[in-house]
Each structure stands twice: as C-alpha cells, then as structure tokens.
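Here is the structure we will look at, set down as structure tokens.
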Amino acid sequence: MSKKDMTGKKIAETGLLTALAMVLSYVESLIPFSIAVPGVKLGLANIVVLFALYRLGTAQAFVISFIRVVLVTFLFGNGFALVYSLSGAVLSLCAMLAFMKIGRLSPVGVGVIGGVSHNLGQILCAIVILETRRLIYYLPVLLVSGTAAGIAIGLVAGLLIDRLEAADTGGQR
Amino acid sequence: MKKRKNDLILVAVIAGLAALLWMWIYLGRSEGAYIRVTVDGSMFGEYPLDTDAVIKIGDESSYNILVIEDGEASVTEASCPDKLCVRQGKIRFDGQSIVCLPNRLVIEVTGGVKPEYDAVAR
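Protein chains in written order, with the numbering used here: chain A, 3 to 175; chain B, 37 to 158.
Okay, structure coming up:
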C-alpha cells in the first residue's frame, strides 16, 4: 500500500470511529440515569477511544476523543460544559495511554483507569471553576462509579481488541 | 493471567481509597449552621439554617429555587435541563453541598462560626 493510501485509510478510520463515538454519546444521553451526583455516567464513547488507543495508535485516539467531545457538546450539551468534558477526556486519555504503555493491565484495568481519571479530571476542573473544595465530597461516589463504568467499558473494548487481533493474524496465514 | 490479577489489585486499591475517603467525610461531619450560596465563584448570599426561607437565585431564564425548612436545605425547582440539583436532595451537615453546573451554582453548608463577610465579598 502506498503512503498516500495509508493516509486515506487513517482518515476514513478516524472519521468512522468519531461518528461511532458520537452515536454512542447520543445513545447514552437517551438512557435516563437517576443518580443524583453530577458526573456519574457509563461513558459508552470510551469504548471507541480505548479501542483506538490499542488498535490505531495514540494520535488517532486523541483526534477521535477531541472531535467527539467538541461536536457532542455543541450538538447535545451547553457550551459551558465543554471545559468539564475536555478536562475529563484529556486526563482520562493521558492516564489510559500511560497505563497501556506500562503494560501491566489488561484493557479492563486500563478502562478502569480511564473511568476514574475522567471523573477526577471533571471534579478538579469544577473545583477550580466554582472555587470550592467542598466538591471533594462527591469523590467517593465518583471513584466507585468510575470503576464500575470502566470495568464494563473495558470488557467490551477488550473483546473487540482480542477478536480483531485474532481476525488479523488469521487473515495473514 | 497476570494482567487480570493486576486489574483486580487496581480495583481493590480504588475501592479502598473510596471507602477511606467516605469514612473520613462521614466521621468528620458536624451539624452546619449556615447555607452559603455561590454563583460563578462569587458570593450570592448566606442564610441561617434554623430559619425557614424560600430563596430564588438567578433570573427568569436561569434560576434555582432554594428552600430552607426544618434545618435542611434543598433545591426544589430549577431551570437547568438535567435537574441534578433538585435530585441531590436535602443537605444539613457542615461541608455538604448541592451543585448545579449549568447555572454555575454552589449551595453549601458552613459551620457554626459565621465567617467575615468583608473578606469574601468582591
């Protein structure tokens, strides 16, 4: 495959996965969640980001995550939420990348790191913006919910990564 | 598999941290005396918890209704889309808070000593 085709393929993959991540964000917004703590959520779109991190590479994962957050905020959220979403997304992606590179955790563990650090990023951002350290009181709940969501996301992403890995090696034989 | 074991250790560590933090918050709590309302990081007002009151924060387009009743404070009505502030229920202990991110509102319980106004007001 020529270098030019490679770039085309990457752009197509990135676009496709960004669209998928946006759809998952939308689907998630349709699920009513009655827990009264801001920031408790499943983070379905993180399946795509986690998958991209393992299968496509760091740069594409960052592009997908960034474009998704910006577009979803403008489509379904209010502009002010962008700061929270971005701080959560960036911290979560950096933490997942670090733990993936260390290589001691399976995708499930990396998903847990992602969920927890996403919540941590948002709450730190809220503490700075709202100028109140009291928000730390939400942290125990957010740690647990981030872990639970991370396990679910990690299991799904892990399945995808394993199956596609197997399909790849199978195809080359 | 070794990675699975590490995953479990990670989850256990996070759960332990959450439990410790929760205990620290739960055991350290005490009855509050005042409700402090902050909008966008600046002081909106302060109200005693032992006096029943209904306070409207904001204008027609973005508002929250704060109700203080029987020594507890809650948001009963709000203009925000998610209504998380309403669902956060009643607060009464020092340090508890209700947060409405869309309206940039923080309602928190403060302790028995009324703080100096002049030092905080901007």
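Don't be surprised by glycine CBs; every beta carbon is placed ideally from N, CA and C.
Query, Result
"Sufficient close CB pairs (3 or more, under 8 Å) joining the region 52 to 72 of chain A to the region 130 to 145 of chain A", "no"
"Near the ligand SAH: V92/A beta-carbon under 7 Å from a heavy atom", "No copy of the ligand SAH occurs in the structure displayed, which carries no ligand at all."
"Residue range of the unbroken beta strand (DSSP E) whose run includes V75/B", "Y70 to V75"
"Segment limits, beta strand (DSSP E) that includes N80/A", "Premise fails: N80/A is in no beta strand (DSSP E) and is neither H nor E."
"Short Cβ contact (8 Å threshold) for I66/A with V114/A", "no"
"Beta-carbon proximity check, G41/A vs Q124/A, cutoff 8 Å", "yes"
"Cβ pair A47/A, L26/A closer than 8 Å", "yes"
"Same chain only: Cβ atoms within 7 Å of V130/A, ignoring 5 sequence neighbours per side", "none"
"Touching by the beta-carbon criterion (3+ pairs, under 8 Å), the region 102 to 114 of chain A and the region 52 to 59 of chain B", "no"
"Inter-residue CB distance, I155/A and G117/A (contact presumed, cutoff 8 Å)", "7 Å"
"Whole beta strand (DSSP E) elements within the region 93 to 153 of chain B, 3-residue minimum", "99 to 105, 108 to 114, 133 to 136 and 141 to 146"
"Delimiting residues of the beta strand (DSSP E) encompassing S78/B", "S78 to P84"
"Chain B contacts made by the region 124 to 139 of chain A, where a contact means CB separation under 9 Å", "A128, I131, L132, E133, T134, R136, L137, I138 and Y139"
"Identity of the residues DSSP links to V49/B by a beta bridge", "V49/B is not bridged to any residue."
"Partner residues on chain A for N42/B, Cβ-Cβ distance less than 7 Å", "R106, L107 and G111"
"C-beta contact flag for I93/B and V145/B at 8 Å", "no"
"Interface flag, I71/B vs chain A, CB-CB below 8 Å", "no"
"Beta carbon proximity, V135/B to chain A, threshold 8 Å", "yes"
"Minimum Cβ-Cβ distance from N1/A to chain B less than 8 Å", "Nothing about residue 1/A can be reported from this structure: the residues present for chain A run from 3 to 175 only."
"Reduced DSSP secondary structure (H/G/I, E/B, other) of I104/A", "helix"
"For A151/A and I50/B, the rounded distance between their alpha carbons", "13 Å"
"Beta-carbon contacts of V50/A that lie in its chain and below 6 Å, excluding the five residues immediately before and after", "L19, L22 and A23"
"In DSSP terms, what A89/B is bridged to", "I104/B"
"Delimiting residues of the alpha helix (DSSP H) encompassing G59/A", "No alpha helix (DSSP H) contains G59/A, which DSSP labels as neither H nor E."
"Beta carbon proximity, A54/B to chain A, threshold 8 Å", "yes"
"DSSP three-state assignment for V156/B, whether helix, strand or coil", "Its pLDDT being 47, under 50, V156/B is placed unreliably in this model, and the value from its coordinates should be taken loosely. Helix, per DSSP."
"Residue burial classification, D43/B (beta-carbon count within 10 angstroms, cutoff 16)", "buried"
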